[in-house]
Amino acid sequence: MRRPLVAGNWKMNGSREAIDLLLDGLSGISTTAEVAVFPPYVYLPQVVSTLCGSGIDVGAQNVSEYQAGAYTGEVAADMLSDIGCRYVLVGHSERRSLFGEKDRQVAEKFVASQRSGLIPVLCVGETLEQRASGKTLAVIAAQLDAVLERAGLESVCNGVIAYEPVWAIGTGKTATAEQAQEIHREIRQQLGEPGMKTRILYGGSVKAANAAELFAQQDVDGALIGGASLDSDEFREICKKACVAN
Ligand code: PGA
């Protein structure tokens, strides 16, 4: 039995004040799903301390593949672990497309995160062009393979995978529940038997209005939510729906 995970990726949004308000709105959230929020680095200590004892976990949006040393501007997995993070996003499509992260680097970040006791949420997904040319499955298989080769099957299966079609991120265009299920099933098949325990989240314009249908799919174990996670009412609604369906 896989416990659903609803993850809120706040991206580069917020201020101390705005985050306090958002966290206020999350108190007393009612769900049997696991919930985690991913604030910008500088607000992590504030969020960790406010959410302490609330049952809501905290994650970072990125991590360095290096352990320590002369890497100006980078943040190590040990540091995230040290301040109380449980999760970390690895290979988000914005990191891949805007900051040039390649599969190999993503794989190193995955390994570095697990080495520090964090749970990596590995993001994979195809662009619109890749989907239109029938390359969706090949693209996702290659993204996954790079991490499987470096980390090994068991380690990948102990992480979380987020399928986020790039064309659905921040666009208001969600994949249909059937499209999501098809890719999630393929990912699980690629992982084989050990992948039965792996949580595979869907991400891309998830909101309260479409969450229940997505969560009702057999291989959809929750969601990675961007825009809608900045609205506490909307996010609470999505969390509620995660427990009914699964
Ligand atoms: P979105 O973002 O929900 O705003 O589409 C999802 C994500 O980037 O993780």
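Numbers 45 to 290, taken from the numbering used here, label the letters of the sequence shown in order.
Every residue gets a Cβ at the ideal spot worked out from N, C-alpha and C, and that includes glycine.
Buried or exposed by the 16-neighbour rule on C-beta atoms within 10 Å, applied to residue i
i	result
K217	exposed
Q158	buried
V86	exposed
S137	buried
L172	exposed
S249	buried
Separation of residue j from residue i, as counted between CA atoms
i	j	result
Q111	K241	29 Å
V119	A51	21 Å
A289	V92	Residue confidence for A289 is low, a pLDDT of 44 falling below 50, so the modelled location carries little weight and cannot support an answer.
S141	Y131	22 Å
L245	V168	10 Å
D189	A195	10 Å
E230	G239	11 Å
R46	G113	38 Å
Cβ-Cβ distance between residue i and residue j below 7 Å
i	j	result
L192	V183	no
Q187	D126	no
P89	W54	no
V204	V165	yes
A253	I282	no
Rounded Cβ spacing between residue i and residue j (contact assumed at less than 8 Å)
i	j	result
L66	R280	Incorrect: roughly 11 Å between the Cβ atoms, too far for contact.
S273	V81	7 Å
K153	E109	5 Å
R139	N106	6 Å
A221	L258	5 Å
Distance cut-off 6 Å: residue i Cβ against heavy atoms of the ligand NAD
i	result
K55	Among the ligands modelled here, namely the ligand PGA, the ligand NAD does not occur.
Residues that DSSP places opposite residue i in a beta bridge
i	result
Y131	G103, I163
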